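Enquirer:
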Amino acid sequence: MPLTVQRISPGYLAEAYQEESNRLRAGEALQKMWARQPGLWKDDPEHARIIANRLGWIGVLDSMRAEAAALQDLARDIRDSGVNDIVLLGMGGSSLAPEVFSLIFPAPSGRRFFVLDSTDPTSIQQVERSIDLAHSLFIVASKSGKTIETLSQFFYFHHRLTQAGIRPVGRSFLAITDLGSYLDHLADEYNFRLTFRNPPDIGGRYSALSYFGLVPAALWGIDIAAMLDSAIEMRAACGPEGQSDANPALQLGSLLGAAGRRGDDKLVLLSTPKLTPLGNWIEQLIAESTGKEERGIVPVAGGVAPPLEVLARGCVTAALLLEGEDQAILGPILCALEQRNAPFVEIRLKSPAQLGAEFFKWETATALAGASLAIDPFDEPNVQESKDNTARILEGFEISGEMPLGSPRLAESGIEVYADGAVRGSISTLQLTAALRTFFSERRPDDYLAILAYVARDAANGAELDTLRATLDERLALPVLLGYGPRYMHSIGQLYKGGPASGMFLLITSEKPEDLPIPGAKYTFGQLEMAQALGDLQSLGRLGKPALRLHLTEGVPAGLTALRRAIDQVFSASRSAI
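Put into structure tokens, the structure is as follows:
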């Protein structure tokens with residue numbers, strides 16, 4: 010299978026790009042990476058220990074290729090046993106690659122694939138109402154084996170299957186985890202149908218071509234052997250033996266590293282429609298790998314193209330194109346960027362089977378960019394704080410029955426506005442539009458805005474939030490990111506806390522029309538979701554990140570509509586007003 014086609018246009022970064030490429034080659038970066046030498050990134054013993062246990066993704070392709078036929082036979086047996094609905098319970102690296110596969114590859118006849126990476130009770134209800142419990146297989150995926158969202162989902166669906174009289178219940182579950190994890194033991198205790206123990210030296214965001222990505226792919230009927238063959242071919246092209254002047258990972262990593270070192274730290278991911286999910290996977294890889302030590306690369310994914318004036322200022326654009334799809338939108342954008350001497354990379358895939366090649370190339374390029382930025386791309390030092398905050402909030406809730414919600418600065422049109430720290434004193438409390446206007450007025454030219462929505466990730470909410478995002482993109486002349494909570498906490502959340510001090514955050518929570526219990530817990534899914542939102546808000550506040558929480562008291566549809574109208578009013582007078 011031919012390699013994907015990649016064209017680098019460094020634009021005004023041409024000199025810095027060439028210097029970075031020369032520096033990485035002179036430092037034998039790829040030789041050191043392939044030799045598993047932690048010193049490529051960090052010299053201290055603690056980082057060296059982490060890095061040494063996170064480079065298994067380079068060699069896992071061979072063992073997975075050897076197992077491909079057996080995995081596909083096993084998947085066929087499971088499908089033939091009457092399984093029609095596959096539900097993946099997982100977060101971050103455990104869910105993003107399977108989501109890419111399920112959305113890009115065509116659905117097999119009579120089968121459906123659902124990814125549940127949320128604690129939002131509406132999201133859980135939507136999945137439950139869509140599936141046939143008696144003919145469903147639940148993939149419980151967690152590297153650590155103790156992910157609170159995933160375990161809560163497992164206990165919920167195990168209880169629902171038991172209530173439905175489906176026996177033996179354990180046959181409806183399959184686990185993917187590390188050897189000896191809590192989930193590994195849980196799978197034995199509950200007699201899961203199968204447990205896949207992933208190599209422990211692979212981190213979550215680098216696990217797409219291990220069991221975490223390939224078992225769901227095989228169950229979806231994908232030819233994983235062909236996908237692995239494309240990845241192995243790409244590995245040969247990206248490795249130290251490849252032609253250095255045409256090494257696709259070195260080219261891409263040099264561009265990302267040069268931009269990051271210069272301070273042009275936004276990576277805007279645009280794509281033809283079918284490849285949009287690939288951008289979400291790249292978002293996690295880039296953000297969680299480079300967003301630390303107050304620097305890093307800010308990925309802007311989600312399919313919404315920012316205005317050209319934003320793309321041409323401080324951004325690298327990555328255009329992902331699948332042959333046969335309409336390229337009428339991306340073509341003119343790339344031409345305009347070239348005319349403005351703005352940097353971009355154009356990547357063309359002939360077929361979805363080449364996703365394996367792209368996964369490996371982006372993993373290698375991201376690791377190289379980490380070396381350029383002197384960052385350890387394999388740790389996530391700021392992720393745990395929000396988890397600890399959530400645990401502390403839940404412990405307090407179990408004792409007092411109350412959440413630390415704080416007092417709203419104002420309430421209007423079914424929206425309560427909450428702010429802490431410097432933001433609390435700086436926003437206007439006259440009315441909702443004034444509060445939003447004063448918050449947005451604090452932006453700087455190189456900032457970005459992130460919308461963090463703790464709502465169901467469905468078509469209706471997505472359309473409303475995309476409209477909101479596009480409006481803010483245009484009016485604020487900033488990159489606007491959109492993430493769903495708590496999903497984003499396991500992907501781009503590391504960068505929000507540990508990355509450049511250029512983020513502004515609009516966090517959206519809501520009243521739930523119906524809540525769901527978590528079997529064995531003293532709190533519900535809705536309460537867990539709120540604790541996660543508040544816990545992450547506490548982390549942002551401690552770090553001095555400007556954040557505003559908007560609580561929708563009359564439900565999500567009405568609340569998002571009211572918010573969109575308020576934002577339209579903010580900008581209705583004139584752009585100079587903010």
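Numbering-wise (the working numbering), the sequence shown opens with residue 10 and increments by one. Positions of the beta carbon are idealized from the N, C-alpha and C atoms, including for glycine. The structure presented is a predicted model; accordingly, all values stated were derived computationally and were not measured.
Between Ser548 and Ala362, is the Cβ-Cβ spacing less than 8 Å?
Expert: No, the pair does not count as a contact, with Cβ atoms beyond the cut-off.
Enquirer: Spatial neighbours of Ala586 within its chain, please: C-beta separation below 7 Å, excluding the five flanking residues on both sides.
Expert: Here Ala586 scores only 49 on pLDDT, less than 50, and its place in the model should not be relied on; the value that follows carries that caveat. The answer, listed in chain order, is Arg446.
Enquirer: Count the other CB atoms, across all protein chains shown, that sit within 10 Å of the CB of Glu55; report buried if there are 16 or more and exposed otherwise.
Expert: Answer is exposed; the Cβ neighbour count stays below 16.
Enquirer: Grab me the residues of Gly20's own chain with a C-beta within less than 6 Å of its C-beta, minus the 5 sequence neighbours each way, in chain order.
Expert: Once the five neighbours on either side are set aside, the close Cβ partners of Gly20 are Asn350, Ala351, Pro352.
Enquirer: Mind checking Ala75: buried by the 16 CB within 10 Å criterion, or exposed?
Expert: Flag for Ala75 reads exposed.
Enquirer: Check Ala314 in the structure and name its three-state DSSP category.
Expert: Reduced to three states, the DSSP call for Ala314 is coil.
Enquirer: Taking Glu407 and Tyr532 to be in contact with their CB atoms under 8 Å, please state how far apart those CB atoms are, rounded to whole angstroms.
Expert: That belief holds up - the Cβ atoms of Glu407 and Tyr532 are roughly 7 Å apart, short of 8 Å.
Enquirer: Going residue by residue through the region 492 to 578, where are the continuous alpha helix (DSSP H) segments of at least 4 residues, counting only ones entirely within it?
Expert: As far as the region 492 to 578 is concerned, its whole alpha helix (DSSP H) runs of at least 4 residues are 502 to 507, 534 to 551.
Enquirer: Taking the alpha carbon of Pro316 as the point to measure from, which residue in Gly300, Leu339, Gly305 has its own alpha carbon closest?
Expert: Among Gly300, Leu339, Gly305, the Cα nearest to that of Pro316 is on Leu339.
Enquirer: Alpha carbon to alpha carbon, how far is Leu481 from Ala296?
Expert: Those two C-alpha atoms are separated by around 22 Å.
Enquirer: So, under 8 Å CB-CB, Leu515 and Leu557 are touching, yes? Tell me the CB distance rounded to an integer number of Å.
Expert: With a Cβ gap of about 6 Å, Leu515 and Leu557 count as contacting.
Enquirer: Quick test of your reading: Lys370 and Ala245, contact by CB under 8 Å. State the CB separation rounded to the nearest angstrom.
Expert: Not really, about 12 Å apart at Cβ, beyond 8 Å.
Enquirer: For a quick check, are the C-beta atoms of Glu302 and Gly36 less than 8 Å apart?
Expert: Cβ atoms of Glu302 and Gly36: not closer than 8 Å.
Enquirer: Taking DSSP's pairing of strands, which residues face Tyr165 in a bridge?
Expert: None; Tyr165 has no bridge partner.
Enquirer: Assign Phe580 to one of two classes, buried (16 or more other C-beta atoms within 10 Å of its C-beta) or exposed (fewer than that).
Expert: Label assigned to Phe580: buried.
Enquirer: Hey, out of Ile306, Leu329, Gly300, Ile527, whose CA is closest to Ala314's CA?
Expert: Residue Leu329 is the option with its Cα nearest to Ala314.
Enquirer: Using the beta-carbon count (16 or more within 10 Å), is Val92 buried or exposed?
Expert: The residue in question, Val92, is buried, as its Cβ has 16 or more Cβ neighbours within 10 Å.
Enquirer: Would you kindly check if the distance between the Cβ of Ile95 and the Cβ of Phe114 is under 8 Å?
Expert: Contact: no.
Enquirer: Since Ser219 and Met73 should fall inside the 8 Å C-beta cutoff, what is the C-beta to C-beta distance between them, to a whole number of angstroms?
Expert: Contact flag correct, Cβ pair sits at about 7 Å.
Enquirer: Just to confirm, is the Cβ distance from Thr373 to Ala575 under 8 Å?
Expert: No, they are not a contact pair.
Enquirer: Please classify Glu24: is it buried, with 16 or more other beta-carbons within 10 angstroms of its beta-carbon, or exposed?
Expert: The residue is exposed, with fewer than 16 neighbouring Cβ atoms inside 10 Å.
Enquirer: If you count every other CB in all the chains shown that lies within 10 Å of the CB of Trp207, and 16 or more means buried, which is it?
Expert: The residue you asked about is not Trp; residue 207 is Asn in the sequence shown. Its Cβ being crowded by 16 or more others within 10 Å, Asn207 is buried.
Enquirer: Determine the closest residue to Val319 out of Thr375, Ala235, Ala479, with distance taken between C-alpha atoms.
Expert: When only C-alpha atoms are compared, the closest one is Ala479.
Enquirer: Give me whichever residues DSSP pairs with Arg88 in a beta bridge.
Expert: For Arg88, which the question treats as bridged, DSSP gives no partner whatsoever.
Enquirer: Taking only three categories from DSSP, how would you classify Ala459?
Expert: Note: Ala459 maps to strand in three-state DSSP.
Enquirer: Closer than 6 Å by C-beta to Phe448: which residues in its own chain qualify, once you throw out the five before and the five after it? Chain order, please.
Expert: Result list for Phe448: Ile436, Leu557, in chain order.
Enquirer: Between Phe147, Ala366, Ala143, Asp89, which lies nearest to Ser104 when the distance is taken from Cα to Cα?
Expert: Of the listed residues, the one whose Cα sits closest to Ser104 is Phe147.
Enquirer: For Pro3, which residues in the same chain have their Cβ closer than 7 Å to its Cβ, ignoring the five residues on either side in sequence?
Expert: Only positions 10 to 587 of the chain appear in this structure, which leaves residue 3 out of reach.
Enquirer: Here's a check: name, in chain order, each residue in its chain whose Cβ is nearer than 8 Å to the Cβ of Arg304, leaving out the five neighbours to either side.
Expert: Gly269, Asp274, Leu382, Ile384, Gly508, Pro509.
Enquirer: Would you say Glu29 and Ala267 are within 8 Å of each other, going by their C-beta atoms?
Expert: Yes, Cβ-Cβ distance for Glu29 and Ala267 is below 8 Å.
Enquirer: May I ask which residues mark the beginning and end of the beta strand (DSSP E) holding Thr186?
Expert: Looking at the DSSP string, the run of the beta strand (DSSP E) that includes Thr186 is 182 to 187.
Enquirer: Whole angstroms are fine: how far does the CA of Arg466 sit from the CA of Arg214?
Expert: Cα to Cα, the separation comes out at about 21 Å.
Enquirer: Quick one: grab the DSSP three-state call for Val464.
Expert: It is coil, neither helix nor strand.
Enquirer: Can you tell me whether Leu105 is helix, strand or coil according to DSSP?
Expert: The answer is helix: DSSP assigns Leu105 an H, G or I state.
Enquirer: If you draw a straight line from the alpha carbon of Ala196 to that of Thr204, how long is it in whole angstroms?
Expert: Spanning the two alpha carbons is a distance of roughly 7 Å.
Enquirer: Tell whether a beta-carbon distance below 8 Å holds between Ile517 and Tyr457.
Expert: Not closer than 8 Å, so no.
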